[in-house]
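Below is one structure, written out as structure tokens; the observations come after it.
Protein chains: 2
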Amino acid sequence: MHKPTIEDVAKLAKVSTATVSRVINKQGGVKSSKEQRILEVIEELAYIPNAVARSMVRKITNTIGVIIPDINNPFFPLVVSGIEQQARKKGYFTILCNTNESPEIEEELIQILLERSVDGLIITTANEYGHQLQPVIDRRIPVVAVDRQIRNYEVDTVLVGNMDGAYQATRHLILQGHKKIAIIRGPQNTTPGYERFVGYRRALEDYNIPLLDEYVLEGDFKEESGYLDTQKLHSLQDRPTAIFTANNLMTLGCLKALTKIGWVLGEEVSLIGFDDLDVAEFVNPQLTVVSRPMRQLGEAAFDLLYEKMTHQGEWTKRHYVLSPKIKIRQSCVLRPSKTME
Amino acid sequence: MHKPTIEDVAKLAKVSTATVSRVINKQGGVKSSKEQRILEVIEELAYIPNAVARSMVRKITNTIGVIIPDINNPFFPLVVSGIEQQARKKGYFTILCNTNESPEIEEELIQILLERSVDGLIITTANEYGHQLQPVIDRRIPVVAVDRQIRNYEVDTVLVGNMDGAYQATRHLILQGHKKIAIIRGPQNTTPGYERFVGYRRALEDYNIPLLDEYVLEGDFKEESGYLDTQKLHSLQDRPTAIFTANNLMTLGCLKALTKIGWVLGEEVSLIGFDDLDVAEFVNPQLTVVSRPMRQLGEAAFDLLYEKMTHQGEWTKRHYVLSPKIKIRQSCVLRPSKTME
DNA sequence: CTGTTAGCGCTTTCAA
DNA sequence: TTGAAAGCGCTAACAG
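Heads up: the sequence lines are chains A and B, in that order.
Just so you know, we're using the working numbering here: the first sequence kicks off at 48 and counts up by one.
Just so you know, we're using the working numbering here: the second sequence kicks off at 48 and counts up by one.
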């Protein structure tokens with residue numbers, strides 16, 4: 048048993064490897080009787096061209112690497128779907144890697160993708176300082192950052208308006224009459240974590256509501272932290288009447304905590320979340336959220352990358368900012384409590 | 048600008064490429080002063096070994112392909128997490144591909160992975176007949192099927208007890224007093240679709256409940272179909288008092304439909320779903336489900352694959368069947384309706 | 001311990 | 001239209 052090679056095909060078809068290569072790559076200029084014969088032999092041998100060997104001489108792989116921090120956060124698979132779809136259209140193959148929010152794993156993954164000579168990289172980094180990208184930059188491999196920026200390098204970036212969305216969310220709460228508004232924010236060394244907090248702060252400022260430290264809690268964008276922080280808020284002397292959670296998973300954790308400790312949503316406390324989630328429609332009252340166009344995010348990211356990969360010309364840094372949209376349901380206005388029924 | 052190669056390193060360090068190779072691959076037997084120098088040069092040049100060239104001579108890539116049908120179904124990312132974790136431990140790199148349930152894309156992806164010379168393949172196929180796997184089998188590349196079987200080839204398989212889980216679910220409904228139990232089943236040409244239906248049927252048989260055609264609807268495991276089928280059930284003259292939905296997404300669709308058409312869960316109709324989902328804890332009453340050990344599924348799959356990749360000896364077909372667990376919440380017993388309060 | 005050398009499978013001049 | 005031949009960057013005998 049041995050994988051058939053181009054040479055096996057050439058021998059059996061009684062032509063040179065060069066001719067077989069021409070056929071495989073549809074370059075034309077081969078007499079059609081010969082082409083016919085070669086195609087038959089390929090079929091017969093079940094020959095599959097070796098992309099490893101090809102990449103070696105061509106020095107391109109038609110492959111892009113995609114690095115995401117959390118495959119179990121439904122946000123990312125949606126973005127990835129958008130990337131994949133566009134990539135497929137252009138004949139690129141996508142290698143998806145998951146860092147699980149670990150900068151170490153991310154570094155390792157980058158190294159591996161570089162070893163495999165990917166033609167481009169789309170990344171939502173676990174470490175925005177970006178030094179792990181040095182080798183990628185050095186090799187002039189096109190990179191696009193999605194959802195989180197890269198601080199120390201000139202990298203094309205696709206984001207949604209985090210500040211904008213957070214501002215809208217907070218303002219919405221304010222306009223419903225809330226004054227005691229807490230935030231469960233994300234890590235402040237991440238773009239989304241920081242910008243969403245800024246949006247929250249600005250809204251408070253604009254409406255002359257003081258920002259209280261005890262209403263600012265910080266999670267890590269995972270469910271558990273939303274759960275814990277909600278409990279902390281509940282244990283406050285002076286509880287907030289509304290909470291803004293800075294991502295989907297923390298919103299979920301918050302909801303679970305509310306149920307657990309009996310802090311009644313829509314009666315004792317309002318909630319608005321950044322990012323939509325399935326659960327939103329099933330809680331009572333339904334949850335108002337800031338929702339983002341995930342697929343478009345992915346599509347835009349690939350399109351940008353594609354330009355860089357093809358027109359080697361452009362080396363200006365570009366920023367795409369897509370707009371979030373607030374989905375108003377009912378969780379932001381407090382009903383009279385049940386005891387009044 | 049040109050990527051440094053092993054030769055650049057060798058020249059600058061004044062040694063042969065063979066020696067550099069020894070250092071890179073930690074094979075030992077190199078004088079440590081030389082090794083030191085080489086390491087420094089590697090650092091200086093920011094040299095990264097070219098995995099493409101290496102694979103070419105070694106004929107292994109330390110890479111496995113993972114093909115899943117729907118990256119947006121939370122079930123799969125969880126399985127993938129299990130696979131990745133085990134793979135990382137053993138020094139394998141995972142290439143994740145998404146077919147979006149399309150057999151055509153699957154075939155293409157298999158071809159590409161083969162071209163890239165992956166050392167092994169873990170797949171949840173979109174076409175259980177499995178002819179698309181012929182080239183993989185021909186090349187003696189180890190394959191493990193997860194969650195869905197491959198019909199026409201001897202392939203190691205990791206599944207959960209679909210029949211078992213469905214039987215338990217249906218019996219649970221029966222023991223709550225239900226007699227009119229509908230199923231929204233999956234496609235019958237898929238293992239999970241078929242087996243879960245058999246579990247349902249057996250439970251009815253064992254308890255002498257006739258199986259009615261009008262209570263057997265078929266979806267495609269996507270949300271939309273659960274939604275539509277639920278509406279169909281509701282429009283029946285003689286509505287069922289309980290529904291068993293055969294996967295998470297169809298359960299979600301069913302729940303949305305119930306809300307939409309005002310068919311009251313827990314009062315007018317009971318529901319049990321195959322696979323847990325976030326929403327389960329947030330509907331009222333909370334949803335009883337059959338839950339599966341996703342991470343373990345992935346771990347077991349890689350472990351099996353790893354054995355095949357290393358001990359080339361074994362060529363017996365193995366089946367792992369993990370056990371599902373029923374998570375009893377409250378959605379299966381009907382409360383008196385609100386009007387009686 | 002170290003260097004020389006022969007490929008791995010393919011593409012791509014170049015010459016015919 | 002075709003074939004011969006020179007690599008792509010690396011590893012693995014083999015010889016020293």
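Cβ atoms here follow ideal geometry from the backbone N, Cα and C, with glycine treated the same way.
As the structure is a prediction and not an experimental result, all values here were calculated from the model.
Residue j beta carbon less than 9 Å from that of residue i
| i | j | result |
| --- | --- | --- |
| THR318/B | THR292/B | The displayed chain sequence assigns Leu, not Thr, to residue 318/B. Contact flag set, yes. |
| GLN377/A | THR335/A | yes |
| ILE85/B | VAL99/B | no |
| THR172/B | LEU206/B | no |
| PHE321/A | THR298/A | yes |
| THR146/B | GLU131/B | no |
| GLY177/B | LEU352/B | no |
| PHE122/B | ASP203/B | no |
| PHE349/B | GLY138/B | no |
| ILE230/B | ILE184/B | no |
| LEU180/A | ILE159/A | no |
| PRO96/B | GLU153/A | no |
| VAL380/B | GLY224/B | yes |
| ALA216/A | GLY240/A | no |
| GLY10/A | PRO371/A | No information on residue 10/A is available, as it lies outside the stretch 48 to 388 that chain A covers here. |
| ASP276/B | LEU324/A | no |
| ASN120/A | LEU125/B | no |
Residue i to residue j span [Cα, whole Å]
| i | j | result |
| --- | --- | --- |
| ASN236/B | GLU175/B | 7 Å |
| VAL127/B | PRO340/B | 12 Å |
| VAL56/B | ARG105/B | 21 Å |
| MET387/B | GLU314/B | Any reading at MET387/B must be qualified, since the residue scores a pLDDT of 37, below 50, and its modelled position is unreliable; no value is offered. |
| VAL113/A | VAL330/A | 34 Å |
| THR306/A | LEU369/A | 34 Å |
| ASN109/A | VAL165/A | 7 Å |
| LYS385/B | HIS281/A | Its pLDDT being 46, under 50, LYS385/B is placed unreliably in this model, and the value from its coordinates should be taken loosely. So the alpha carbons of these two residues sit roughly 31 Å apart. |
| LYS78/A | VAL70/B | 49 Å |
| TYR42/A | THR363/A | Within the shown structure, residues of chain A are numbered from 48 to 388, placing residue 42/A beyond reach of any answer. |
| ALA304/A | GLU271/A | 10 Å |
| VAL67/A | ILE53/A | 7 Å |
| ALA60/A | GLU155/B | 26 Å |
| ARG342/A | ASP260/B | 39 Å |
| VAL263/A | MET103/B | 55 Å |
| ILE111/B | TRP310/B | 47 Å |
| GLY273/A | ASN295/A | 10 Å |
| ALA327/B | ALA327/A | 12 Å |
| LYS73/B | GLU354/A | 39 Å |
| ALA93/A | MET210/B | 38 Å |
| THR64/B | GLU151/A | 30 Å |
Where residue i meets chain B, residues with beta-carbon distance less than 8 Å
| i | result |
| --- | --- |
| PRO121/A | ASN119, PRO121 |
| LEU299/A | ASP325 |
| SER164/A | ASN97, ALA98, VAL99 |
N- and C-terminal bounds of the beta strand (DSSP E) containing residue i
| i | result |
| --- | --- |
| VAL113/A | 110-115 |
| ASP194/B | It is not in any beta strand (DSSP E) - ASP194/B carries neither H nor E in the DSSP assignment. |
| ALA93/A | Counting along the chain, ALA93/A falls outside any beta strand (DSSP E), and DSSP gives it neither H nor E. |
| PHE140/B | 140-145 |
| LEU168/B | 167-170 |
| THR335/B | 335-338 |
| ILE319/B | 317-321 |
Partners in chain A for residue i, counting only beta-carbon separations shorter than 7 Å
| i | result |
| --- | --- |
| PHE329/B | LEU302, VAL326, PHE329, VAL330 |
| GLU131/B | ASN145 |
| PRO182/B | ALA93, ILE95 |
| ILE159/B | PHE140 |
| LYS50/B | ARG186 |
Where the alpha helix (DSSP H) containing residue i begins and where it ends
| i | result |
| --- | --- |
| THR64/A | 64-71 |
| LEU125/A | 122-136 |
| SER102/B | 98-105 |
| ILE375/B | Segment: none, ILE375/B is in no alpha helix (DSSP H) and carries neither H nor E. |
Cross-chain neighbours of residue i in chain A, by beta carbon under 8 Å
| i | result |
| --- | --- |
| ASP322/B | None at all; the shortest Cβ gap to chain A is about 13 Å. |
| PRO124/B | ILE118, ASN119, PRO124 |
Chain B contact residues for residue i, given Cβ-Cβ distances below 9 Å
| i | result |
| --- | --- |
| SER80/A | Correct list: empty, because the minimum Cβ distance to chain B is about 27 Å. |
Residue i Cβ short of 8 Å to the ligand GDP heavy atom set
| i | result |
| --- | --- |
| LEU351/B | As presented, the structure is devoid of all ligands, the ligand GDP included, so that no description of it is given. |
Chain-ordered neighbours of residue i on chain B, where CB pairs are closer than 7 Å
| i | result |
| --- | --- |
| SER128/A | ILE118, ASN119 |
| MET103/A | VAL99, ALA100, MET103 |
Please give me, in chain order, every unbroken run of the beta strand (DSSP E) with length at least 3 that falls completely inside the segment 259-311 of chain B. 263-265, 289-292
Ignoring anything shorter than 4 residues, give me the alpha helix (DSSP H) runs that lie fully in the segment 175-261 of chain B, in order along the chain. 181-185, 209-222, 238-253
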